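Novice:
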Amino acid sequence: MPRAQGVQSYLVAVDGSDASYGAVIAACDLAKRSKATVSVLYVIEVPRSVALDAALDAELQRGEEILAKAEHLAAERGIPVQADLIQARQAGHAVVDEAIDRGVDAIVLGVEYHRPLGQFTLGRLPLYVLEHAPTQVWLIRYPASDMARER
1 MPRAQGVQSY
11 LVAVDGSDAS
21 YGAVIAACDL
31 AKRSKATVSV
41 LYVIEVPRSV
51 ALDAALDAEL
61 QRGEEILAKA
71 EHLAAERGIP
81 VQADLIQARQ
91 AGHAVVDEAI
101 DRGVDAIVLG
111 VEYHRPLGQF
121 TLGRLPLYVL
131 EHAPTQVWLI
141 RYPASDMARE
151 R
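Numbering (our numbering), first residue to last: 1 to 151.
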C-alpha cells in the first residue's frame with residue numbers, strides 16, 4: 001500500500017467501475033489513519049459538438065448515482081467525503097485542474113484490468129494524470145481474478 005505520510009487530502013476520480021470504488025475504499029482507509037480528507041470527483045466528458053454547459057440529463061443522473069455509491073462506501077468507513085460532479089471536454093485535464101484548485105496531496109485512481117488484443121493498457125485518464133499532475137498519483141489495480149469475483 002502507498003505510504004500516506006504527509007498526505008492530508010486525497011482526490012479520487014470515479015467512473016462507476018469496481019476499480020474506482022476500490023480506490024475510494026483505499027483512500028478512505030488511509031484517510032482514517034491519518035485524519036486526512038477525501039474528495040470524490042465524477043467528470044462528464046462533453047463532446048466538442050455540444051456546448052460545455054449543456055444539460056446532459058442521462059449522464060448527470062448516472063454521475064449522481066456513482067457519487068452516491070462512493071459516498072455510501074466512504075460513510076461505511078466513517079469518512080465524510082466531498083463529492084462533486086463536473087462537465088469537461090477531457091476527464092484527465094479536469095482531474096488535474098481540480099487537484100490543483102483544491103491543493104490536494106494525492107490523486108487516487110482505480111484502474112480496471114483491460115487486456116485489449118492481449119496487452120494490458122491503462123487508458124487515457126490515468127496516462128494523462130500521471131504525465132500532468134503536479135502531485136502524487138496513486139494507481140490501484142486489482143488482479144483480474146479479484147475483479148471478476150466482485151462482479
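Cβ atoms here follow ideal geometry from the backbone N, Cα and C, with glycine treated the same way. Quantities reported herein were computed from a predicted structural model and do not represent experimental measurements.
#1: By DSSP's criteria, Glu45 is part of a beta bridge. Which residues make up the other side?
#2: What separation, rounded to the nearest whole angstrom, lies between the Cα atoms of Ala148 and Val43?
#3: Tell me whether Gly63 sits in a helix, a strand or coil according to DSSP, three-state version.
#4: The beta strand (DSSP E) with Ala13 in it runs from where to where?
#5: Can you tell me the Cβ-Cβ gap for Val108 and Ile140, rounded? I've got them flagged as a contact below 8 Å.
#6: How would you write the range of the alpha helix (DSSP H) that Val111 sits in, first residue to last?
#7: According to the neighbour-count rule (16 or more other Cβ atoms, all chains shown, within 10 Å of its Cβ), is Pro134 buried or exposed?
#8: So for Ala36, helix, strand or coil by DSSP?
#9: If you draw a straight line from the alpha carbon of Gln136 to that of His93, how long is it in whole angstroms?
#10: Over what stretch of residues does the alpha helix (DSSP H) that includes Leu154 continue unbroken?
#11: Tell me whether Arg149 sits in a helix, a strand or coil according to DSSP, three-state version.
#12: Nearest to Pro47 by alpha carbon, out of Ala91, Cys28, Arg102, Leu127?
Specialist: So, from the data block:
#1: Ala88
#2: Any answer about Ala148 is weak, because its pLDDT of 47 lies below 50 and its placement is not dependable; what the coordinates show is given next. Cα-Cα distance, rounded: 25 Å.
#3: helix
#4: DSSP places Ala13 in the uninterrupted beta strand (DSSP E) bounded by 9–13.
#5: Between the beta-carbon of Val108 and that of Ile140 there is about 7 Å, and that keeps the pair under the 8 Å contact cut.
#6: Val111 -> no alpha helix (DSSP H), and no H or E assigned at all.
#7: exposed
#8: coil
#9: If you draw a straight line from the Cα of Gln136 to the Cα of His93, it comes to about 16 Å.
#10: Since the first and last residues shown for the chain are 1 and 151, residue 154 lies out of range.
#11: With a pLDDT of 46 at Arg149, under the threshold of 50, the modelled position of this residue cannot be trusted; read the value that follows with caution. The answer is helix: DSSP assigns Arg149 an H, G or I state.
#12: Ala91
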